[in-house]
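**Student:** Submitted below is the structure of interest, expressed as structure tokens.
In mature numbering (1 follows the signal peptide of the UniProt record, and there is no 0), the protein residues as written are -18 to -1, 1 to 106.
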């Protein structure tokens, strides 16, 4: 019986450690497929709309280049996205949305654009 338990534990360890990061390991970021990008676009657009109604920044989505989601203390959505700023200029930025729905203003949005200071804003 002891040998069977040890084999079971070893098999579980091999399966868990054999899953590469970014490809479905427990707690690892998961790259979204083309069909999942539309619902992900809605998450990003919702945050952009809420921030634009407040202090900003004010961006619109031109094109999502890639996106991933990760279950953390909440949900962490990450995007490489082409944004259009209020002057009509396009820029490619890394945007992350960390959602913790149990907190007031529990959605933290981070904009990391080249040659600009990182911007972190919260909304509900």
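Even glycine gets a Cβ: it sits at the ideal position worked out from N, Cα and C.
Please read these numbers as outputs of a predicted model, since none were measured by experiment.
1) Which residues bound the alpha helix (DSSP H) around residue 32?
2) How would you label residue 47, buried or exposed, when you count the other beta carbons within 10 angstroms and need 16 or more for buried?
3) Tell me, to the nearest whole angstrom, how far the beta carbon of residue 50 is from that of residue 14; I am working on the premise that it is less than 8 angstroms.
4) Buried or exposed for residue 85, please, with buried defined as at least 16 other CB atoms from any protein chain shown within 10 angstroms of its CB.
5) What is the rounded straight-line gap between the Cα of residue 99 and the Cα of residue 17?
6) Use the C-beta contact count for residue 102: other C-beta atoms within 10 angstroms, 16 or more gives buried, fewer gives exposed.
7) Among residues of its own chain, excluding the 5 on either side of residue 89, which ones have a beta-carbon nearer than 6 angstroms to its beta-carbon?
8) What three-state label does DSSP hand residue 71 in the structure shown?
9) I need the boundaries of the beta strand (DSSP E) containing residue 50, first residue and last residue.
10) Using the three-state DSSP reduction, which class does residue 87 fall into: helix, strand or coil?
**Tutor:** The structure says:
1) Counting from 1 along the chain shown, the entry for residue 32 is found at position 50. In the DSSP assignment, residue 32 falls within the unbroken alpha helix (DSSP H) covering 19 to 35.
2) On the chain shown, position 65 is the one that residue 47 refers to. Residue 47 is exposed by the Cβ-count criterion.
3) The residue given as residue 50 occupies position 68 in the chain shown. The residue given as residue 14 occupies position 32 in the chain shown. With a contact defined as Cβ atoms closer than 8 angstroms, residue 50 and residue 14 qualify at about 6 angstroms.
4) The residue given as residue 85 occupies position 103 in the chain shown. Exposed.
5) In the chain shown, residue 99 corresponds to position 117, counting from 1. In the chain shown, residue 17 corresponds to position 35, counting from 1. The alpha-carbon separation between residue 99 and residue 17 amounts to approximately 32 angstroms.
6) If you number the chain shown from 1, residue 102 lands on position 120. Around the CB of residue 102, fewer than 16 other CB atoms lie within 10 Å, so the residue is classed as exposed.
7) The residue you call residue 89 lines up with position 107 of the chain shown. Result list for residue 89: 81 and 105, in chain order.
8) Translated into positions along the chain shown, residue 71 becomes position 89. Three-state DSSP puts residue 71 in coil, outside helix and strand.
9) If you number the chain shown from 1, residue 50 lands on position 68. Judged by DSSP secondary structure, residue 50 falls within the beta strand (DSSP E) whose first and last residues are 42 to 54.
10) Position 105 of the chain shown holds residue 87. Coil at residue 87, not helix or strand.
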